[in-house]
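Trainee:
In this note's numbering, the protein residues as written are 450 to 754.
1) Which residue spans inside the stretch 708-736 form an unbroken beta strand (DSSP E) run of at least 3?
2) With DSSP as the reference, label residue 498 as helix, strand or coil.
3) Identify which residue in 473, 728, 692 has its Cα closest to the Cα of residue 495.
4) Cβ of residue 726 within 7 Å of Cβ of residue 668?
5) Would you check if the stretch 619-635 and the stretch 704-722 touch, i.e. whether three or more CB-CB distances between them fall below 8 Å?
6) May I ask which residues mark the beginning and end of the alpha helix (DSSP H) holding residue 676?
7) How long is the line joining the alpha carbons of residue 664 and residue 721, rounded to whole angstroms?
8) The beta strand (DSSP E) that contains residue 598, what's its start and end?
9) Just to confirm before moving on: does the CB-CB distance between residue 650 and residue 624 stay below 7 Å?
10) Determine, using beta-carbon pairs with one atom in the stretch 580-597 and one in the stretch 637-651, whether at least three such pairs fall under 8 Å.
11) Let me know the secondary structure DSSP gives residue 583 once reduced to three states.
12) Exposed or buried, which one is residue 481 when buried takes at least 16 other CB atoms within 10 Å?
13) With a 10 Å radius around its C-beta and 16 neighbouring C-beta atoms as the bar for buried, classify residue 746 as buried or exposed.
14) Is residue 724 closer than 7 Å to residue 699 when the C-beta atoms are compared?
15) Check for me: the beta strand (DSSP E) holding residue 627 runs from which residue to which?
16) Could you check where the beta strand (DSSP E) with residue 618 kicks off and where it finishes?
17) Do the stretch 495-514 and the stretch 453-464 meet, that is, are 3 or more Cβ pairs less than 8 Å apart?
18) Could you give the DSSP three-state label for residue 680: helix, strand or coil?
Structure representation (structure tokens):
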């Protein structure tokens, strides 16, 4: 088998300090992590980086690797001398191979017939990996997010088989929030991963969200804004009677405390006043507007003067 240069894998000098090795590992792990990497063969690169760090982070393993590895040039076939594992003191058992470590690692630190039993944990040992997390989108209405809901989610596995899960969504979830269901992901040696459901809230015809606050545009007739009125106003929990003060202005916001999405603290609902004028689509309506223009001394663009 070919000798593996773990220093080159992590892109560090052979004199690198433990802190430099740790920083290099974090950088390379981010680069090759299968969930985010766009590199070709990211999964293989990620395993190689993990294997290199497993050796170089451990002072005893690193010293033995340096001692033994210095005898081999790049590309040469690697064979540890007889009795090396007993001398080096590394008998990691068979689980490292199960965790994805290479034959080179197993030859250097692997099972020599003694040491830890297969599947046991010990110094330098990693547990076998869990299955990969599975991601999916869960679309909800704003009303469902407000009150909470129980929904069925249909999933298709890598083998094409379908399964259905019932998911209880708590009240107050927001768009982008992730609901984790442990044990519902892809299978793995140490058990399945998690199912990660990202919440997406469907647009609403009346309401819109800002964090946990709910906004609603409330249309008013000109006389309701001018004289004041009590107006039935929609909220996610049902209609409420909102008192509009006399002289209300277009764009003015009125706050309904605690009427937004539930939480700690809950959001509020903001009612944005919008004045709607009646159409002048009949002679009678036109005459009313003409009378208004004669009776009111009013400049709608006074702020420009």
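For glycine and all other residues, C-beta sits at the position ideal for the given N, C-alpha and C.
As the structure is a computational prediction, the values presented were derived from the model and not from experiment.
Mentor: So, from the listed chains and residues:
1) 718-724
2) helix
3) Among 473, 728, 692, the Cα nearest to that of residue 495 belongs to 473.
4) no
5) Judged by Cβ distances under 8 Å, the stretch 704-722 makes contact with the stretch 619-635, as three or more pairs qualify.
6) 671-676
7) 7 Å
8) In the DSSP assignment, residue 598 falls within the beta strand (DSSP E) that extends over 598-605.
9) yes
10) In short, these stretches touch, since the Cβ pair count reaches three.
11) strand
12) buried
13) exposed
14) yes
15) 627-630 is the extent of the beta strand (DSSP E) around residue 627.
16) 611-618
17) Contact between the stretch 495-514 and the stretch 453-464 is present, with at least three C-beta pairs closer than 8 Å.
18) strand
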